[in-house]
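Asker: Supplied in structure tokens, the structure appears directly below.
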Ligand code: DGT
Ligand code: MG
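In full-length UniProt numbering, the protein residues as written are 1 to 576.
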């Protein structure tokens, strides 16, 4: 077979994800307008509410005015969303050869289906116009594992419309096949988890993601080859994943012949929309983009022309570590009596997060056991020496009990382990804590090899294609997900605790070792604090807002947590 060059990428984005999770818990909510509240905004709302004019990220007050009978459910505890997100992702990745699936935020999944498609192309004969079913094979080894499809019945939409009238190059055929696979996976997700999603099919992550957003909800769109540039040209510059808020604003300025001062960029309202098509007609070389994009001219130039070399990175099924932290103003935590409740709150949150991320589908088995508990602290010091100190201890076995209430486990862990770690770190009589971080580190697998397929056996109807599937499963294979081309609209955690992911932990004791925070983890095991994403493309505001008190810049959802650092006496109440 001719060796094809273009990757085949599928992108899935769940419809009104948080609302859909809540609806599944309470199906009566499916038919009423439903909004999910985080602080004073609607994180999302279902499509019944959207039909009545309610919008994602609307202020609660405005949404209630808009829709008098809007049912509002609090969604500030993300645990239920994390659990569903993890279970669906684990399920989907089992279909994909080499588990080439990547998560973005809690409700997006990329799949690199190149090898699956090319294998099937080698087995199948392209039959345009034929109503005879063909069979898509999900396994190389088992010819009976797969699903039937009809070449002529292309599922979903194409961009541009009227696909069948176009030419049928090899790439067209491969993408048609990929559309059938996308449709099959969407059906599987619906059948097994009762969640609808929208999908995009194309040859890059960039174009697959954008294609999927064209027809929503519960739909899929194939971007036909040769139309990538035309498709991108119609998008507002801020909508292109990978083009940051600031860069987008500077590019708009350049195109519109105006200047916004750097310090005003965050506050400038985006009134005029500027399409990619307009941008590339005005800015004709990558060099011209350099000063507007902080030296990323080449990269953004390529994105604007539909070129995205980033690959889908197969992530390990569990994060390398989980950590939770909070910061405190001077004078707030100066003795063990003040510290203990804080340790309890953080440890409880860590345990909840371990349950959400590390327990397999069905809730009966740990996918991994962190071997160590690590406490890191930082003191307020006069000389602004912000060194972080850490100490680790063995994670006790009772932490993995699935029957003991988590607050009971947290209380015991703090009493028996964490306070001791603190005393080992703090030898001074007088101290003021600036930061406390608790972490589950040094992951070991669930023991005896974890077979996720077994875990799903109670969840899903036994279908031939699933049971016969014999593709190898990779577990904790050490592949680190570092393909963060798309800084997803990070999970907008409303809670005041920052979550921090550091480089892979070596395990064992780390006494008195100074550590640097490497990157923020946005709660999904995926992180990237360096790439901007958003502008009017994502949700209409910057992820880099300055704190009105000290001027430091933070992602918008982290701002509130930071401002609390300036406030007094409120940390614990909010945490509670
Ligand atoms: P969709 O995809 O348009 O049908 O609706 P959603 O709700 O799935 O929205 P999406 O895909 O942008 O985001 C997935 C979930 O992440 C969503 O249910 C709520 C949460 N989320 C996304 N963006 C934000 C945000 O800016 N703030 C907050 N608090 N939550 C957000
Ligand atoms: Mg979504």
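Glycine included, each C-beta is placed from N, C-alpha and C at the ideal position.
When DSSP builds the beta bridges, which residues end up paired with residue 97?
Answerer: Reading the chain shown from its first residue, position 97 is the one you call residue 97. Answer is none; residue 97 lacks a bridge partner.
Asker: How long is the line joining the alpha carbons of residue 257 and residue 391, rounded to whole angstroms?
Answerer: As a working mapping, residue 257 is identified with position 257 in the chain shown. As a working mapping, residue 391 is identified with position 391 in the chain shown. Straight-line Cα distance between these residues: approximately 55 Å.
Asker: Taking 7 Å as the cut-off, is the C-beta of residue 218 nearer than that to any heavy atom in the ligand MG?
Answerer: Working through the chain shown from its first residue, we reach residue 218 at position 218. For the ligand MG, not one heavy atom lies less than 7 Å from the Cβ of residue 218.
Asker: So which residues touch the region around the ligand MG, with touch meaning a C-beta under 5 Å from any heavy atom?
Answerer: Going along the chain, the residues that qualify are 13, 14, 17 and 107.
Asker: Rounded to whole angstroms, what is the Cα-Cα separation between residue 442 and residue 371?
Answerer: As a first step, residue 442 must be located in the chain shown, where it is residue number 442. As a first step, residue 371 must be located in the chain shown, where it is residue number 371. Their Cα atoms are separated by approximately 5 Å.
Asker: So residue 391 is in the alpha helix (DSSP H); what residue range does that whole segment cover?
Answerer: Walking along the chain shown from the start, residue 391 turns up at place 391. Taken as a continuous stretch (DSSP letters only), residue 391 belongs to no alpha helix (DSSP H), being part of the beta strand (DSSP E) at 388-394.
Asker: Once you ignore the five residues that flank residue 374 on each side, which residues in its own chain have a CB closer than 6 Å to its CB?
Answerer: Walking along the chain shown from the start, residue 374 turns up at place 374. Contacts found: 390, 392, 439 and 441.
Asker: What would DSSP say about residue 369, mapped onto helix, strand or coil?
Answerer: Locating residue 369 in the chain shown gives position 369, where the first residue counts as 1. Of the three classes helix, strand and coil, the one that applies to residue 369 here is strand, per DSSP.
Asker: Look at the alpha carbon of residue 113 and the alpha carbon of residue 328, and state the distance between them as a whole number of angstroms.
Answerer: Reading the chain shown from its first residue, position 113 is the one you call residue 113. Reading the chain shown from its first residue, position 328 is the one you call residue 328. Cα to Cα, the separation comes out at about 47 Å.
Asker: How big is the Cα-Cα spacing for residue 67 and residue 159?
Answerer: For the purposes of this step, residue 67 is identified with residue 67 of the chain shown, where counting begins at 1. For the purposes of this step, residue 159 is identified with residue 159 of the chain shown, where counting begins at 1. Answer to the nearest angstrom: the Cα atoms are 34 Å apart.
Asker: So, is residue 11 buried or exposed, given that buried needs 16 or more other C-beta atoms within 10 angstroms?
Answerer: Start at 1 with the first residue of the chain shown, and residue 11 comes out as number 11. Per the 10 Å Cβ criterion, buried.
Asker: Measuring CA to CA, which of 221, 319, 207 and 368 is closest to residue 306?
Answerer: As a first step, residue 306 must be located in the chain shown, where it is residue number 306. Answer by Cα proximity: 207.
Asker: What three-state label does DSSP hand residue 6 in the structure shown?
Answerer: Indexing the chain shown from 1 puts residue 6 at position 6. Three-state result, residue 6: coil.
Asker: Confirm, please, whether the CB-CB distance from residue 174 to residue 121 is below 8 Å.
Answerer: Along the chain shown, one-based indexing puts residue 121 at 121. Along the chain shown, one-based indexing puts residue 174 at 174. In this structure, residue 174 lies closer than 8 Å to residue 121 by Cβ.
Asker: DSSP three-state label for residue 331, please.
Answerer: For this step, residue 331 is matched to residue 331 along the chain shown. Three-state DSSP puts residue 331 in coil, outside helix and strand.
Asker: In the DSSP assignment, the beta strand (DSSP E) including residue 221 goes from what residue to what residue?
Answerer: For the purposes of this step, residue 221 is identified with residue 221 of the chain shown, where counting begins at 1. That run of the beta strand (DSSP E) goes 220-223.
Asker: By alpha-carbon positions, which one of 348, 193 and 94 ends up nearest to residue 404?
Answerer: Within the chain shown, numbered from 1, the residue matching residue 404 stands at position 404. The option with the nearest alpha carbon to residue 404 is 348.
Asker: So does residue 38 have its beta carbon nearer than 7 Å to some heavy atom of the ligand DGT?
Answerer: Taking the first residue of the chain shown as 1, we reach residue 38 at position 38. Within the cutoff, so yes.
Asker: Could you compute how far the alpha carbon of residue 71 sits from the alpha carbon of residue 226?
Answerer: What you label residue 71 is simply residue 71 of the chain shown in a count that begins at 1. What you label residue 226 is simply residue 226 of the chain shown in a count that begins at 1. If you take the alpha carbons of residue 71 and residue 226, they lie about 45 Å apart.
Asker: Can you tell me which of the three DSSP states residue 18 falls into?
Answerer: As a first step, residue 18 is located in the chain shown; it is residue number 18 there, counting from the start. If DSSP states are grouped into helix, strand and coil, residue 18 belongs with the helices.
Asker: Looking only at DSSP bridge pairs, what is residue 146 linked to?
Answerer: Taking the chain shown and counting its residues from 1, one reaches residue 146 at position 146. Answer is 137, bridged to residue 146.
Asker: Within the present structure, is the beta-carbon of residue 244 separated from the nearest heavy atom of the ligand DGT by less than 7 Å?
Answerer: Counting from one through the chain shown, the residue named residue 244 turns up at place 244. No - the ligand DGT has no heavy atom lying nearer than 7 Å to the Cβ of residue 244.
Asker: At the level of alpha carbons, what is the spacing between residue 504 and residue 367?
Answerer: The residue given as residue 504 occupies position 504 in the chain shown. The residue given as residue 367 occupies position 367 in the chain shown. Reliability fails at residue 504, whose pLDDT of 33 lies under 50, so the model's placement of it is uncertain and the value that follows must be treated cautiously. Whole-angstrom Cα-Cα distance: 18 Å.
Asker: Using the Cβ count rule (16 or more neighbours within 10 Å means buried), how would you classify residue 308?
Answerer: Numbered from 1 along the chain shown, position 308 holds the residue referred to as residue 308. So residue 308 ends up on the buried side.
Asker: Using a 10 Å radius around the Cβ and a threshold of 16 neighbouring Cβ atoms, would you call residue 357 buried or exposed?
Answerer: Within the chain shown, residue 357 is the residue found at index 357, counting from 1. Label assigned to residue 357: buried.
Asker: Helix, strand or coil for residue 358? Go by DSSP, reduced to three states.
Answerer: For this step, residue 358 is matched to residue 358 along the chain shown. Here residue 358 sits in helix by DSSP.
Asker: Taking only runs that begin and end inside the region 47-135, name each unbroken beta strand (DSSP E) of 3 or more residues, in chain order.
Answerer: Here the runs fully enclosed are 71-74, 101-104 and 108-112.
Asker: Could you check whether the region 308-320 touches the region 98-114, counting it as contact only if at least three pairs of C-beta atoms, one from each stretch, sit closer than 8 Å?
Answerer: Segments in contact, yes.
Asker: DSSP on residue 344, reduced to helix/strand/coil?
Answerer: Along the chain shown, read from residue 1 onward, the residue named residue 344 stands at position 344. In the structure shown, residue 344 sits in a helix (DSSP, three-state: H, G or I).
Asker: Could you spell out the range, first to last residue, of the alpha helix (DSSP H) harbouring residue 191?
Answerer: On the chain shown, position 191 is the one that residue 191 refers to. Residue 191 -> alpha helix (DSSP H) spans 170-193.
Asker: Quick one: give me the first and last residue of the alpha helix (DSSP H) that residue 413 is part of.
Answerer: As a working note, residue 413 is residue 413 in the chain shown. Per DSSP, residue 413 belongs to the alpha helix (DSSP H) from 406-413.
Asker: Nearest by alpha-carbon distance to residue 172: which of 86, 242 and 7 is it?
Answerer: Here residue 172 refers to the residue found at position 172 when the chain shown is read from its first residue. It is 7 whose Cα lies nearest to the Cα of residue 172.
Asker: Do you know offhand how far residue 81's Cα is from residue 141's?
Answerer: Numbered from 1 along the chain shown, position 81 holds the residue referred to as residue 81. Numbered from 1 along the chain shown, position 141 holds the residue referred to as residue 141. Distance between the alpha carbons of residue 81 and residue 141 is about 35 Å.
Asker: Residue 73 to residue 62, Cα distance in whole Å?
Answerer: The count along the chain shown starts at 1 and reaches residue 73 at position 73. The count along the chain shown starts at 1 and reaches residue 62 at position 62. About 16 Å.
Asker: Identify the residues that DSSP records as bridge partners of residue 438: which are they?
Answerer: On the chain shown, position 438 is the one that residue 438 refers to. DSSP output for residue 438 lists 324 and 375 as bridge partner(s).
Asker: By DSSP, does residue 420 sit in helix, in strand, or in coil?
Answerer: Here residue 420 is taken as the residue at index 420 of the chain shown, counted from 1. In this structure, residue 420 counts as helix in the three-state DSSP scheme.
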